[in-house]
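For the sequence shown, UniProt numbering assigns the number 1 to the initial residue and increments by one for each residue that follows. Quick notes on the structure that follows.
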Amino acid sequence: MLRILGERKGISLKELGSLLICESGSPSRLVERLVRDGLAEKIAHEKDSRYVYEGLVSKGLLTGKSAWVIYTIDSPGWFIRLIRQNVEWTVVKKAILQFCGIRPVKRMMLAGIKGSSARKRKRWLDYVYQQARQLRK
Numbered sequence: 001m002l003r004i005l006g007e008r009k010g011i012s013l014k015e016l017g018s019l020l021i022c023e024s025g026s027p028s029r030l031v032e033r034l035v036r037d038g039l040a041e042k043i044a045h046e047k048d049s050r051y052v053y054e055g056l057v058s059k060g061l062l063t064g065k066s067a068w069v070i071y072t073i074d075s076p077g078w079f080i081r082l083i084r085q086n087v088e089w090t091v092v093k094k095a096i097l098q099f100c101g102i103r104p105v106k107r108m109m110l111a112g113i114k115g116s117s118a119r120k121r122k123r124w125l126d127y128v129y130q131q132a133r134q135l136r137k
């Protein structure tokens with residue numbers, strides 16, 4: 001839905017519903033939530049009393065906010081860094097978080113999940129728990 005609203009300007013709920021392959025009223029709650037949270041704009045159509053959704057608002061709406069992203073991945077960390085060149089992280093950081101104005105952005109990648117021991121996973125969880133407790137202070 002976000003991709004469609006970002007690509008198409010001036011789209012009605014009926015058009016949005018057909019592009020999402022759902023009933024015309026189905027996306028209305030989601031779109032209303034986006035409008036309420038200031039992430040999408042709606043304008044009145046000049047020939048129709050129903051609203052047309054203008055699309056997503058300008059970038060930088062979350063300026064002044066920070067993020068700490070924790071994600072898991074099955075591949076070994078060296079493979080992600082050297083071969084994949086952290087492409088997944090780069091997309092999340094630049095195209096989503098920084099686009100919205102979120103800075104600074106920290107991350108914690110837990111790599112090699114599939115082959116990890118229960119002891120290692122417990123250490124990861126304990127570390128994340130301790131770090132999260134410090135965020136509240």
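Even for Gly, the Cβ is constructed at its ideal location relative to N, Cα and C. A quick note: this is a predicted structure, and the numbers were derived from the prediction, not measured.
What residue range does the beta strand (DSSP E) around residue i cover?
i       : result
Thr-72  : 67 to 73
Arg-107 : 105 to 111
Is it buried or exposed for residue i, if we count other Cβ within 10 angstroms and need 16 for buried?
i       : result
Pro-104 : exposed
Ala-40  : buried
Leu-5   : buried
Per DSSP, which one or two residues make a beta bridge with residue i?
i      : result
Ile-80 : Answer is none; Ile-80 lacks a bridge partner.
Would you give the residue range spanned by the alpha helix (DSSP H) that residue i belongs to?
i      : result
Arg-8  : No alpha helix (DSSP H) contains Arg-8, which DSSP labels as neither H nor E.
Lys-14 : 13 to 19
Ser-28 : 28 to 36
Can you find the residues in the same chain that come closer than 6 Å, C-beta to C-beta, to residue i, ignoring five residues on each side of it along the sequence?
i           : result
residue 220 : What is shown of the chain runs 1 to 137, which leaves residue 220 out entirely.
Excluding the 5 residues flanking residue i on each side, which residues of the same chain have their C-beta closer than 7 Å to its C-beta?
i      : result
Gly-93 : As written in the sequence, residue 93 is Lys, which differs from the Gly given in the question. If we look at Lys-93 and ignore the five residues flanking it on each side, its Cβ neighbours are Val-105.
Three-pair Cβ contact test at 8 Å for the region 78 to 91 versus the region 107 to 117: yes
Segment contact, 8 Å Cβ cut-off, at least three pairs: the region 62 to 71 with the region 26 to 36: no
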